[in-house]
Amino acid sequence: MEWIAGLTAIQIAVALITTLAASFVRGLAGFGLAILLVPVLALALTPVEAVMIANFLMLFIGLLEIRRLVRGAEKSAWVISGLVVLTTAPGLILLSVTPPDLARLLIAVVAVVAFGLFLLPERPADVPGPAQTGITGIASGILTGFAGMPGPPVVPYYVGRAIPKTIAKPSMLLIFTVASSAAIVSGFAIGAVDQRIILLSACLFPAVILGNWVGGLAAGKISDTAWRLFTGAVLLAATAGSLARLF
Numbered sequence: 155m156e157w158i159a160g161l162t163a164i165q166i167a168v169a170l171i172t173t174l175a176a177s178f179v180r181g182l183a184g185f186g187l188a189i190l191l192v193p194v195l196a197l198a199l200t201p202v203e204a205v206m207i208a209n210f211l212m213l214f215i216g217l218l219e220i221r222r223l224v225r226g227a228e229k230s231a232w233v234i235s236g237l238v239v240l241t242t243a244p245g246l247i248l249l250s251v252t253p254p255d256l257a258r259l260l261i262a263v264v265a266v267v268a269f270g271l272f273l274l275p276e277r278p279a280d281v282p283g284p285a286q287t288g289i290t291g292i293a294s295g296i297l298t299g300f301a302g303m304p305g306p307p308v309v310p311y312y313v314g315r316a317i318p319k320t321i322a323k324p325s326m327l328l329i330f331t332v333a334s335s336a337a338i339v340s341g342f343a344i345g346a347v348d349q350r351i352i353l354l355s356a357c358l359f360p361a362v363i364l365g366n367w368v369g370g371l372a373a374g375k376i377s378d379t380a381w382r383l384f385t386g387a388v389l390l391a392a393t394a395g396s397l398a399r400l401f
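Numbering of the sequence shown is given in this note's numbering, commencing with residue 155 and proceeding in unit increments.
Structure representation (structure tokens):
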């Protein structure tokens, strides 16, 4: 029996539970909504639909927090965000012409690389040079369009440095909000957004609000060290999940 937008009741229930869990992780870690949600949605939807829904959800929740994110973000977040805007459309176009199985393989490779970067020794708090910042922004933009996942390049950039979560978290979330905006604009431009995507995004958004709120409460009660360990665990889970989908 089909309920909403061609999905069965079981598919909708799984999507809601996954969205709630992924948004809790976002509220706690500062990332993870798309990384955890896109692979699950892609089981019932096309990769393009899953990516676009994740971007709509990231934009909606990001706009609710935008004032706090702007106040707390590091200046480098604006540079990376600008590069994301420029490179998101090419990533989405690449996704639209890539066979689904190959797209899943490439996404898994990205997840593995991101986790590997996270395992590197913690770096000083100083802002990285223009080259590293530029590569991070370009890679994040391409991955925003291709996988709905701007996080893999951005998380090691901030979490891998000796800066408090009160700077790292809003910096990442600001970039992700800008990235989702760029992806949605690009999606409309190439005809990748339709009524079905908008409807499913609206249905899942209440779960995002609830999960993100609970995650934010939890984030305020843990130390920076515990927060870094949790972000590493999220990256590991995303990597394992991406690899599992290949087999």
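Glycine included, each C-beta is placed from N, C-alpha and C at the ideal position.
For residue i, which three-state DSSP category applies?
{"i": "L161", "result": "strand"}
{"i": "M155", "result": "Caution is warranted here: a pLDDT of 44 is assigned to M155, below 50, making its placement in the model unreliable, and no coordinate value can be reported."}
Please report the straight-line C-alpha distance between residue i and residue j, rounded to a whole angstrom.
{"i": "P253", "j": "P193", "result": "15 Å"}
{"i": "E203", "j": "A346", "result": "8 Å"}
{"i": "P307", "j": "A163", "result": "35 Å"}
{"i": "L371", "j": "F185", "result": "15 Å"}
{"i": "R315", "j": "L274", "result": "10 Å"}
{"i": "A343", "j": "N366", "result": "30 Å"}
{"i": "A188", "j": "G236", "result": "20 Å"}
{"i": "F300", "j": "F214", "result": "20 Å"}
{"i": "L390", "j": "I352", "result": "30 Å"}
Assign residue i to buried or exposed, taking buried as 16 or more other Cβ atoms, counted over all protein chains shown, within 10 Å of its Cβ.
{"i": "Q349", "result": "exposed"}
{"i": "R221", "result": "exposed"}
{"i": "I317", "result": "buried"}
{"i": "F269", "result": "buried"}
{"i": "A246", "result": "A small correction: the amino acid at residue 246 is Leu; Ala does not occupy that position in the sequence shown. Answer is buried; the Cβ neighbour count reaches 16."}
{"i": "M155", "result": "Summary for M155: the model assigns pLDDT 44, below 50, so the residue's position carries little reliability, and this model does not support an answer."}
{"i": "T290", "result": "buried"}
{"i": "F272", "result": "buried"}
{"i": "R258", "result": "buried"}
{"i": "A167", "result": "exposed"}
{"i": "F178", "result": "buried"}
{"i": "F384", "result": "buried"}
{"i": "L240", "result": "exposed"}
{"i": "E228", "result": "buried"}
{"i": "T173", "result": "buried"}
{"i": "I207", "result": "buried"}
{"i": "V238", "result": "buried"}
{"i": "R180", "result": "buried"}
Considering residue i, what are the terminal residues of the alpha helix (DSSP H) in which it resides?
{"i": "M303", "result": "Neither: M303 is in no alpha helix (DSSP H) and is coded neither H nor E."}
{"i": "K319", "result": "K319 to A343"}
{"i": "V233", "result": "S230 to S250"}
{"i": "R133", "result": "The structure shown does not extend to residue 133, since the chain is modelled only from 155 through 401, so no value can be given for it."}
{"i": "R277", "result": "Segment: none, R277 is in no alpha helix (DSSP H) and carries neither H nor E."}
{"i": "I352", "result": "Q349 to A373"}
{"i": "G226", "result": "I220 to G226"}
At least one CB of chain C closer than 8 Å to the CB of residue i: is that the case?
{"i": "T162", "result": "Structure shown: chain C not included; a single protein chain is present."}
Whole alpha helix (DSSP H) elements within the stretch 173-200, 4-residue minimum: Given a length threshold of 4 residues, each whole run of the alpha helix (DSSP H) inside the stretch 173-200 is given here in chain order: 187-195.
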